[in-house]
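Going letter by letter, the sequence shown gives residues 4 to 512 in my numbering. Ideal placement from N, C-alpha and C gives every residue a C-beta, glycine not left out. Notes for the one structure printed next.
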Amino acid sequence: MQIKHSVTFLYVYVFITGASVMALEIAASRFLAPYYGTSMVVWANIIGLILLSLSLGYWIGGKWADKRPSGSLLMILSLAAGVLTSLLPLWGGFLFPLLSAGIMNTPIWIIICSFFAVLIVFAPPIFLLAMVSPFAIRLIARETEHVGKIAGNLYACSTLGSLVGTFGTAFVTIPFLGSKETIFIWSSFLIIISVWGLRNHRIKWIYALVFLPLIIYLITNNSDTSNREGKLLWAKDSLYQYIRVIQNKKGDTSLVYNEGGGIQSIHRVSHPLTYDDYYSDYTLVPFLTGSPKQILVLGSAGGSVAHLLATYVKPHFPDLQITGVELDPEVAKLGPRFFGLEPEDATIITQDARVFINHTNERYDVIIVDCYSQQIYVPFHLSTTEFFQSVRKRLTPNGVIAMNVNATTSESRLLASFAKTVHQVFPYTYLVRAQGQYNYMLLGAMNPLTLDQLNGINANDALEVVRKKWPETLNVVSNMQMAKGTILTDNKAPTEMMTDSMIFGEVNK
Numbered sequence: 004m005q006i007k008h009s010v011t012f013l014y015v016y017v018f019i020t021g022a023s024v025m026a027l028e029i030a031a032s033r034f035l036a037p038y039y040g041t042s043m044v045v046w047a048n049i050i051g052l053i054l055l056s057l058s059l060g061y062w063i064g065g066k067w068a069d070k071r072p073s074g075s076l077l078m079i080l081s082l083a084a085g086v087l088t089s090l091l092p093l094w095g096g097f098l099f100p101l102l103s104a105g106i107m108n109t110p111i112w113i114i115i116c117s118f119f120a121v122l123i124v125f126a127p128p129i130f131l132l133a134m135v136s137p138f139a140i141r142l143i144a145r146e147t148e149h150v151g152k153i154a155g156n157l158y159a160c161s162t163l164g165s166l167v168g169t170f171g172t173a174f175v176t177i178p179f180l181g182s183k184e185t186i187f188i189w190s191s192f193l194i195i196i197s198v199w200g201l202r203n204h205r206i207k208w209i210y211a212l213v214f215l216p217l218i219i220y221l222i223t224n225n226s227d228t229s230n231r232e233g234k235l236l237w238a239k240d241s242l243y244q245y246i247r248v249i250q251n252k253k254g255d256t257s258l259v260y261n262e263g264g265g266i267q268s269i270h271r272v273s274h275p276l277t278y279d280d281y282y283s284d285y286t287l288v289p290f291l292t293g294s295p296k297q298i299l300v301l302g303s304a305g306g307s308v309a310h311l312l313a314t315y316v317k318p319h320f321p322d323l324q325i326t327g328v329e330l331d332p333e334v335a336k337l338g339p340r341f342f343g344l345e346p347e348d349a350t351i352i353t354q355d356a357r358v359f360i361n362h363t364n365e366r367y368d369v370i371i372v373d374c375y376s377q378q379i380y381v382p383f384h385l386s387t388t389e390f391f392q393s394v395r396k397r398l399t400p401n402g403v404i405a406m407n408v409n410a411t412t413s414e415s416r417l418l419a420s421f422a423k424t425v426h427q428v429f430p431y432t433y434l435v436r437a438q439g440q441y442n443y444m445l446l447g448a449m450n451p452l453t454l455d456q457l458n459g460i461n462a463n464d465a466l467e468v469v470r471k472k473w474p475e476t477l478n479v480v481s482n483m484q485m486a487k488g489t490i491l492t493d494n495k496a497p498t499e500m501m502t503d504s505m506i507f508g509e510v511n512k
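Dropping the structure here:
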């Protein structure tokens, strides 16, 4: 049955389908984040697979449009895309966990297979939506000779829709509603406008498909707050990541992002300095500077480091002031709620760490760099000589920078590159094997450091537990340790690539 649509309807239709493509692309990255993270590799695969799907859709759509320029066929294609989109949370929620065992435990062949899973789940609706534009051009062009004008108008309308889909998804639906809800909203738009376009079709059961997104939402939106990691206390999609607060059987509370490859903050129910948390090692750094008065924590997350410093270091230095900088405002709110951070412990500022460093006029005795994106990646702009030069300007003459680096061994190229880069700015660079399985602490200073100041910690002090685990002397980073490292700059800092290659090498031993 042939159905004719008005030109105005087709413009609205193309606007919605264009918006849906971009909304689906952005929502795809956030929907995948709990399983695979949002690293450059994941983004490259998402973008690449979507571009491939679009190319095939344009090509095949053009062929079909010439063979059968049918308005009803066009509506059926977008209706199928809407149905497949609404099934994404159900289908993906079943498939992705089967193909993910955490970034440190997933064999490389499963990581490769997971991207085929992305192809299976997200490519079909994108492919169908790509067929819309050539179909719409063909349908309108039948009634006019101005094909170029019609094509330009349709692509302009589709691109405007893409802008709405991009900004609406990134700044409205995902942060305020969630990634799954975003998928359901846009699938509903696709289904509704397609069903409206088929309203004169003889098959009436298609009207029931309007309720499909709501039904799938009710099925997938269960209230179970437990998972394999523990009890889920709180979860939200922010502008930057998927955030979860999880409590284990012991009562310890952890802050994890996306797929949970690492813990960003932790609040122990008892004896927080006796566990293998590298956060504890930061408590000794202020003693290396003499009498610190100002400490800056870049990447404060839930405030674990700031809380430990306030609890165990501030009693030794009553005038000590602690400032924390956290990029994500949603994360910054979690410290007082879940991680024991008291208002008097620290001043928390919501800002990008490097932007803060570049604009502050304060001088600090200790600057702690504990910033991570996607759990295990140090953001590249916080790993370069230019960044460390900015940090040096914000340190007092006897100030120290302390930075945690995740590395599988002390010989890893990633750790060597960080050490070599820090050494370009700080002539005295040291390495401490921090607590935790993969944690190394780099220290940089303009003057030599000794552990003499740590002798003031008596045997009854809670910090004694940490002090005993430090080496008797700080290990100066040697030229041999830095030999295979690369100096990282704003122009070239492949920290993600080095991290991924290090992990792949470790899990496939």
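Indicate the three-state DSSP secondary structure (helix, strand or coil) for Glu329 in the structure shown.
strand
Is Ala222 buried or exposed, if buried means 16 or more other CB atoms sit within 10 Å of its CB?
Strictly speaking, residue 222 in this sequence is Ile, with Ala absent from that position. By the neighbour-count rule (16 or more Cβ atoms within 10 Å), Ile222 is not buried but exposed.
Every unbroken beta strand (DSSP E) within the region 28–99, with a cutoff of 3 residues, ordered by chain
none
Start-to-end residues for the beta strand (DSSP E) that takes in Arg247
Tyr245 to Gln250
As a quick exercise: from Gly51, His274 and Leu52, pick the residue whose alpha carbon is nearest that of Leu311.
His274
Between which residues of its own chain and Leu131 is the CB-CB distance below 8 Å, once the five residues before and five after are set aside?
Gly60, Leu80, Ser81, Ala83, Ala84 and Leu87
Tell me which residue opens and which closes the alpha helix (DSSP H) that Leu418 is part of.
Arg416 to Val428
Cα-Cα separation between Phe12 and Trp199, rounded to whole angstroms
10 Å
Suppose contacts are defined by Cβ-Cβ distances below 9 Å. Is Val24 in contact with Ile53 by that definition?
yes
Contact the region 297–309 vs the region 367–386: 3+ CB pairs below 8 Å:
yes
Around the Cβ of Glu347, are there at least 16 other Cβ atoms within 10 angstroms (buried) or fewer (exposed)?
exposed
Does the Cβ-Cβ distance between Val428 and Phe391 come in under 9 Å?
yes
With 16 other CB atoms within 10 Å as the buried threshold, where does Phe526 fall?
The structure shown does not extend to residue 526, since the chain is modelled only from 4 through 512, so no value can be given for it.
Do you know whose CA, among Phe342, Asn364 and Leu337, lies nearest Thr353's CA?
Leu337
Start-to-end residues for the beta strand (DSSP E) that takes in Gln392
Counting along the chain, Gln392 falls outside any beta strand (DSSP E), though it belongs to the alpha helix (DSSP H) covering Thr388 to Lys396.
Proximity of Thr256 and Ala26 at Cβ, strictly below 9 Å:
no
If you measure between the beta carbons of Ala31 and Gly171, is that distance less than 9 Å?
no
Per-residue burial, Pro430 [other beta carbons within 10 Å of its own, 16 or more giving buried]:
exposed
Output needed for Ile219: all residues of its chain with C-beta closer than 8 Å, excluding positions within five of it in sequence on either side, in chain order.
Ser89, Leu90, Pro92, Leu93 and Phe187
Kindly indicate which residue of Met483, Ala238 and Asn48 has the alpha-carbon position closest to the one of Phe125.
Asn48
Can you tell me whether DSSP reads Lys487 as helix, strand or coil?
coil
With a cut-off of 8 Å on the beta carbons, I'd call Ile490 and Thr432 a contact; round off their distance for me.
Going by Cβ atoms, the distance from Ile490 to Thr432 rounds to 13 Å, so no, they are not a contact pair.
Does Glu28 pass the burial test, meaning 16 or more other C-beta atoms within 10 Å, or should it be called exposed?
buried
Contact between the region 304–324 and the region 384–401: three or more CB pairs below 8 Å?
no
Alpha carbon to alpha carbon, what distance is there between Ala238 and Asp455?
44 Å
On a Cα-Cα basis, can you pick out the residue from Leu55, Phe34 and Ile50 that is closest to Gly97?
The sequence shown places Phe at residue 97, not Gly. Phe97 has its Cα closest to that of Phe34, out of Leu55, Phe34 and Ile50.
Determine the direct distance from the alpha carbon of Arg202 to that of Ile19, and round the result to whole angstroms.
18 Å
Check the C-beta distance from Thr292 over to Val408 and give it rounded, since I have them as a contact under 8 Å.
That belief does not hold up - the Cβ atoms of Thr292 and Val408 are roughly 21 Å apart, past 8 Å.
Where Lys253 and Gly306 are concerned, what is the direct C-alpha to C-alpha distance, given to the nearest angstrom?
20 Å
Which of the three DSSP states, helix, strand or coil, is assigned to Leu180?
coil
Alpha carbon to alpha carbon, how far is Gly95 from Leu122?
11 Å
Shortest alpha-carbon distance to Asn494 belongs to which of Ser75, His384 and Ala133?
His384
DSSP-derived helix/strand/coil call for Met444
strand
In or out: His362 buried (at least 16 other Cβ within 10 Å) or exposed?
exposed
Sequence-distant residues of its chain with Cβ nearer than 7 Å to Ala335 (five each side left out)
Glu329, Ile351 and Thr353
Please report the straight-line C-alpha distance between Asp279 and Ala133, rounded to a whole angstrom.
51 Å
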